[in-house]
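Visitor: In the numbering used here, the protein residues as written are 7 to 406.
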């Protein structure tokens with residue numbers, strides 16, 4: 007059985023608890039002091055690294071974009087000009103064919119027979135004409151001696167004229183037969199790409215049939231667009247002494263449907279002679295080289311018209327541009343590597359770059375990567391990068 011504590015034991019126990027509590031208090035104080043030193047280390051962490059781009063300038067002219075549509079430089083509908091069975095095809099659909107190349111052949115047997123008959127008829131008519139001419143010659147000789155009446159001489163003259171006309175008719179029939187025979191071979195009128203064939207070998211085709219195929223030439227290729235009559239009139243007044251549309255002091259480029267810039271420059275080729283009363287616009291046409299057949303007829307493209315009179319303008323990567331309620335802005339780095347915000351006025355877009363009309367100067371540095379890690383006023387560690395002006399790809403300077 008346990009004995010109760012006496013007063014001395016209670017006093018000793020109280021003293022021991024007091025000392026233990028003091029030790030815990032001291033330990034806690036030391037721990038808190040140690041945590042304070044750890045916080046001081048965090049406050050001195052290094053500045054965040056960001057990728058920066060040094061702003062450059064480029065020559066930029068006044069420009070305007072037009073929705074345009076492409077058109078084949080040459081286009082021909084291949085049709086049968088004589089009737090017959092289609093017996094041969096000498097191309098693959100969608101392939102390139104040369105001028106004069108045999109494309110299709112219609113059975114020529116009937117037309118060869120017609121040609122032979124026309125040739126025989128002509129020879130017969132020539133023989134008849136020769137006989138009539140001989141009779142007329144002899145008739146004139148005897149008429150001079152009084153042995154042939156004028157009436158009989160007139161008949162001989164008429165017969166000779168009729169047989170000569172028959173010869174002309176026979177020659178025309180022979181030429182027609184020869185032409186019809188040539189039509190049985192359908193050849194390419196120019197070099198180009200041929201489309202889908204509408205009739206297979208074995209079908210009967212003729213002048214009443216629909217088109218057999220379509221042939222197009224796309225190098226160069228036309229680009230059609232429209233401008234407002236007021237714009238066209240202003241341009242004409244300013245450049246009325248120019249030699250023609252092709253001498254216009256403008257640069258023409260194309261943006262393709264996949265938003266890439268076409269690598270060939272174009273030139274103005276044609277301006278219509280009337281105003282479209284329905285739209286109040288003038289039809290214009292540009293022409294572009296198309297050596298790789300990349301641009302197809304009927305394609306919607308963006309025609310970029312830029313003046314040849316250019317001025318130096320600041321270009322900034324699209325990746326650097328942000329937007330808030332006040333408008334577009336970029337984050338810039340000053341000489342002490344501190345971040346500042348700069349609102350900018352943007353002009354046209356040139357591939358992966360924006361033209362800056364105001365708000366930035368050449369050689370300033372803008373942040374293009376790490377935007378989410380910074381705010382205005384803080385110090386950063388800038389890492390200089392390069393930006394591909396066409397694709398927008400960011401690369402290290404060391405990689406150049």
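Heads up, the beta-carbon is just placed ideally off N, CA and C, and yes, glycines get one too.
What alpha helix (DSSP H) runs, 4 residues minimum, are completely inside the stretch 228-293?
Guide: The stretch 228-293 contains these whole alpha helix (DSSP H) runs: 235-244.
Visitor: Since residue 287 and residue 71 are thought to touch, with beta carbons under 8 Å apart, how far apart are those beta carbons, to the nearest angstrom?
Guide: Between residue 71 and residue 287 the Cβ distance is about 15 Å, and since that is not below 8 Å, they are no contact.
Visitor: Quick check: the stretch 82-93 against the stretch 224-234, are at least 3 beta-carbon pairs closer than 8 Å?
Guide: Because the criterion of three Cβ pairs below 8 Å is not met, the stretch 224-234 and the stretch 82-93 do not touch.
Visitor: Would you check if the distance between the CB atom of residue 76 and the CB atom of residue 356 is smaller than 7 Å?
Guide: Against a cut-off of 7 Å, the Cβ pair of residue 356 and residue 76 comes out as no contact.
Visitor: With 16 as the cutoff for other CB atoms within 10 Å, does residue 231 come out buried or exposed?
Guide: It counts as buried.
Visitor: Label residue 152 either buried or exposed according to how many other C-beta atoms from any shown protein chain fall within 10 Å of its C-beta, with 16 as the threshold for buried.
Guide: Answer is exposed; the Cβ neighbour count stays below 16.
Visitor: Consult DSSP for residue 134 and reduce its assignment to one of helix, strand or coil.
Guide: Three-state DSSP puts residue 134 in a helix.
Visitor: Pull up the distance between the alpha-carbon of residue 398 and that of residue 215, whole angstroms please.
Guide: In a straight line, the C-alpha of residue 398 is about 53 Å away from that of residue 215.
Visitor: Helix, strand or coil, according to DSSP, for residue 333 in the structure here?
Guide: Here residue 333 sits in strand by DSSP.
Visitor: Mapping DSSP to helix, strand and coil, what is residue 117?
Guide: It is helical.
Visitor: Quick check on residue 313: does DSSP put it in helix, strand or coil?
Guide: Residue 313: strand per DSSP, three-state reduction.
Visitor: Determine the direct distance from the alpha carbon of residue 394 to that of residue 58, and round the result to whole angstroms.
Guide: Approximately 14 Å between the Cα atoms of the pair.
Visitor: Would you say the beta carbon of residue 115 comes nearer than 6 Å to a heavy atom of the ligand NAD?
Guide: No copy of the ligand NAD appears in this structure; indeed no ligand is present at all.
Visitor: Look at the Cβ atom of residue 337, then the Cβ atom of residue 373, and state whether they are nearer than 7 Å.
Guide: Yes. Within cutoff.
Visitor: Which two residues bound the contiguous alpha helix (DSSP H) that contains residue 182?
Guide: 156-188 is the extent of the alpha helix (DSSP H) around residue 182.
Visitor: So if DSSP puts residue 110 in a beta bridge, which residue, or which two residues, is it bridged to?
Guide: 95 and 192, per the DSSP bridge assignment.
Visitor: Could you compute how far the alpha carbon of residue 56 sits from the alpha carbon of residue 262?
Guide: When rounded, the distance between both Cα atoms is 34 Å.
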